[in-house]
Structures are given as C-alpha cells and as structure tokens.
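If you use our numbering, the sequence shown corresponds to residues 58 to 232, in order.
For every residue, glycine included, the Cβ atom is placed at its ideal position computed from N, Cα and C.
Structure, as structure tokens:
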Amino acid sequence: MDPERNIIQGCLDGDRSAQKALYDRLAPKMYALCLRYMGDREQAQDILQDGFVTLFSKIETYSGEGSFEGWARKIFVNTALQSLRRTDALKLSDDLSTAWGLTSHEPGQLQDMGYKEILGLVASLPGGYRTVFNMYVIEGYSHKEIAQALGISEATSRSQLQRARMMLQDKMKRL
Numbered sequence: 058m059d060p061e062r063n064i065i066q067g068c069l070d071g072d073r074s075a076q077k078a079l080y081d082r083l084a085p086k087m088y089a090l091c092l093r094y095m096g097d098r099e100q101a102q103d104i105l106q107d108g109f110v111t112l113f114s115k116i117e118t119y120s121g122e123g124s125f126e127g128w129a130r131k132i133f134v135n136t137a138l139q140s141l142r143r144t145d146a147l148k149l150s151d152d153l154s155t156a157w158g159l160t161s162h163e164p165g166q167l168q169d170m171g172y173k174e175i176l177g178l179v180a181s182l183p184g185g186y187r188t189v190f191n192m193y194v195i196e197g198y199s200h201k202e203i204a205q206a207l208g209i210s211e212a213t214s215r216s217q218l219q220r221a222r223m224m225l226q227d228k229m230k231r232l
C-alpha cells in the first residue's frame with residue numbers, strides 16, 4: 058500500500074498520528090487556497106480549520122477514485138464558499154448587461170509580477186469578485202458551475218469575473 062493510502066486508512070481508523078500526517082501534507086496547499094478565497098489570513102486560518110473538521114468527518118466518503126488531494130480541495134472550496142455565503146460577500150455585482158464596455162485590451166504587467174504580488178492583488182478584490190475569479194481562473198469551474206455553487210446567474214458570474222479582471226488591470230497600472 059502506498060504512503061497516502063496508509064495515511065487515509067489511519068484516518069479512517071481514528072489514528073491521531075495519521076490525521077496529523079495528513080494535516081501536515083495538505084495544510085500548506087489548502088491554506089493557500091483558503092487565503093485566495095478569503096483574502097484575509099485570519100479568515101483563511103478559520104476556513105482551513107473548518108475544512109479539516111469536515112474532511113476528517115467525511116473521509117469515509119472518499120471512494121479512492123481520482124486524486125485524494127482533488128477530493129480534499131473541493132471540501133476546502135466549498136467550506137470557503139459557505140462562509141462567503143453566510144456573510145453575503147457574494148452579493149456584489151449586477152448582471153453582465155451593466156458590465157458592457159468595461160474591457161481593456163492593453164497589455165498587462167502580469168509577466169513582470171511575482172506570484173506573491175499577483176496573489177496580493179487577487180486578495181485585495183472584493184469578496185464576490187475574488188470568489189468568481191478564483192473559481193473560474195484558478196480552479197477551472199465553468200460559469201454554469203459557479204452560478205450553481207453560488208446561487209447566482211451565469212450572467213452575474215461573467216460580470217463579476219469581468220469586473221475582477223478590470224480591477225486587477227487597474228491595480229496593476231498603479232504599481
């Protein structure tokens with residue numbers, strides 16, 4: 058049995074050392090994910106903790122199909138989204154019809170920026186924009202999937218993504 062399967066089995070058996078090993082293995086990546094969604098270190102830490110509580114309580118539902126990390130990632134994304142829904146952070150924008158004319162075709166400074174700078178800019182976006190940006194650009198969700206997950210229309214998802222991009226372009230220009 059491979060080491061990951063041993064750790065998962067240990068968690069299923071309630072072995073604290075296996076839970077710690079799984080936490081140590083996943084926490085850095087999942088914290089980065091939580092930080093991208095929440096934009097604040099303290100909130101990201103809370104989501105990380107809540108996500109691990111959910112993960113350990115639902116680990117028996119992991120079927121063994123596909124990547125365990127991918128399965129865990131969905132738990133943390135959903136935990137972050139639930140928190141954002143509770144605080145109404147996702148109720149930010151109008152639908153797409155109000156966003157026409159907001160596009161810019163100027164070359165960006167993205168290639169000149171470091172990873173941490175880009176994450177800092179994404180973290181500075183308002184919650185709804187940041188969430189849709191993360192889900193679409195980083196996680197690869199479609200607008201239909203985003204709309205279903207967030208309880209918004211596809212047009213609103215597109216609008217929030219467009220506005221997030223515009224805000225990021227504006228912030229990059231000011232650097």
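Where do the N-terminal and C-terminal ends of the alpha helix (DSSP H) with residue 132 fall, by residue?
Taking the first residue of the sequence shown as position 1, residue 132 is located at position 75. 125–143 is the extent of the alpha helix (DSSP H) around residue 132.
Residue 103 (DSSP reduced to helix, strand or coil)
Here residue 103 refers to the residue found at position 46 when the sequence shown is read from its first residue. Of the three classes helix, strand and coil, the one that applies to residue 103 here is helix, per DSSP.
Could you check where the alpha helix (DSSP H) with residue 181 kicks off and where it finishes?
Taking the first residue of the sequence shown as 1, we reach residue 181 at position 124. Looking at the DSSP string, residue 181 is not in any alpha helix (DSSP H), and its letter there is neither H nor E.
Roughly how many angstroms lie between the CA atoms of residue 76 and residue 231, to the nearest whole one?
Reading the sequence shown from its first residue, position 19 is the one you call residue 76. Reading the sequence shown from its first residue, position 174 is the one you call residue 231. Within the model, the alpha-carbon separation for residue 76 versus residue 231 is close to 45 Å.
Would you mind giving the Cβ-Cβ distance between residue 189 and residue 203, rounded to the nearest angstrom? I have them listed as a contact below 8 Å.
Taking the sequence shown and counting its residues from 1, one reaches residue 189 at position 132. Taking the sequence shown and counting its residues from 1, one reaches residue 203 at position 146. At roughly 6 Å, the Cβ-Cβ gap stays under 8 Å, so residue 189 and residue 203 are in contact.
Are residue 104 and residue 136 closer than 8 Å when you measure CB to CB?
Position 47 of the sequence shown, counting from 1, holds the residue named residue 104. Position 79 of the sequence shown, counting from 1, holds the residue named residue 136. A Cβ-Cβ contact shorter than 8 Å links residue 104 with residue 136.
Please classify residue 121: does DSSP put it in a helix, a strand, or coil?
Here the question's residue 121 lines up with position 64 in the sequence shown. DSSP places residue 121 in coil when its eight states are reduced to three.
How many angstroms separate the CA atom of residue 114 from the CA atom of residue 125?
Here residue 114 is taken as the residue at index 57 of the sequence shown, counted from 1. Here residue 125 is taken as the residue at index 68 of the sequence shown, counted from 1. The alpha-carbon of residue 114 is positioned some 15 Å away from that of residue 125.
What does a CB cutoff of less than 7 Å around residue 62 pick up in its chain, not counting 5 residues either side in sequence?
As a first step, residue 62 is located in the sequence shown; it is residue number 5 there, counting from the start. Taking residue 62 as the centre and dropping the five residues before and after it, the same chain places no C-beta closer than 7 Å to its C-beta.
Going by other Cβ atoms of all chains shown within 10 Å of its Cβ, with 16 needed for buried, is residue 132 buried or exposed?
Position 75 of the sequence shown, counted from the start, is the residue given in the question as residue 132. Classification for residue 132: buried.
Hey, residue 200 and residue 215: beta-carbon distance below 8 Å or not?
Numbered from its first residue, the sequence shown carries residue 200 at position 143. Numbered from its first residue, the sequence shown carries residue 215 at position 158. At a Cβ-Cβ threshold of 8 Å, residue 200 and residue 215 count as neighbours.
Can you give the Cα-Cα distance for residue 208 and residue 178, rounded to whole angstroms?
Here residue 208 is taken as the residue at index 151 of the sequence shown, counted from 1. Here residue 178 is taken as the residue at index 121 of the sequence shown, counted from 1. Their backbone Cα atoms lie some 26 Å apart in a straight line.
Residue interval of the alpha helix (DSSP H) (run including residue 227):
The residue labelled residue 227 in the question sits at position 170 within the sequence shown. Segment 211–230, the alpha helix (DSSP H) holding residue 227.
Distance, Cα to Cα, residue 71 vs residue 64?
In the sequence shown, residue 71 corresponds to position 14, counting from 1. In the sequence shown, residue 64 corresponds to position 7, counting from 1. The alpha-carbon atoms of residue 71 and residue 64 are separated by roughly 11 Å.
How would you label residue 217, buried or exposed, when you count the other beta carbons within 10 angstroms and need 16 or more for buried?
For the purposes of this step, residue 217 is taken as residue 160 along the sequence shown, with counting starting at 1. Of the other Cβ atoms in all chains shown, 16 or more fall within 10 Å of the Cβ of residue 217; this residue is therefore buried.
Assign residue 89 to one of two classes, buried (16 or more other C-beta atoms within 10 Å of its C-beta) or exposed (fewer than that).
Mapped onto the sequence shown, residue 89 falls at position 32. Classification for residue 89: exposed.
Hey, would you say residue 92 sits closer than 8 Å to residue 101, going by beta carbons?
For the purposes of this step, residue 92 is taken as the residue at position 35 of the sequence shown. For the purposes of this step, residue 101 is taken as the residue at position 44 of the sequence shown. Cβ distance < 8 Å, so residue 92 and residue 101 count as in contact.
State the Cα-Cα distance for the pair residue 86 and residue 212, rounded to the nearest angstrom.
Translated into the one-based positions of the sequence shown, residue 86 becomes position 29. Translated into the one-based positions of the sequence shown, residue 212 becomes position 155. Going from the Cα of residue 86 to the Cα of residue 212 covers about 31 Å.
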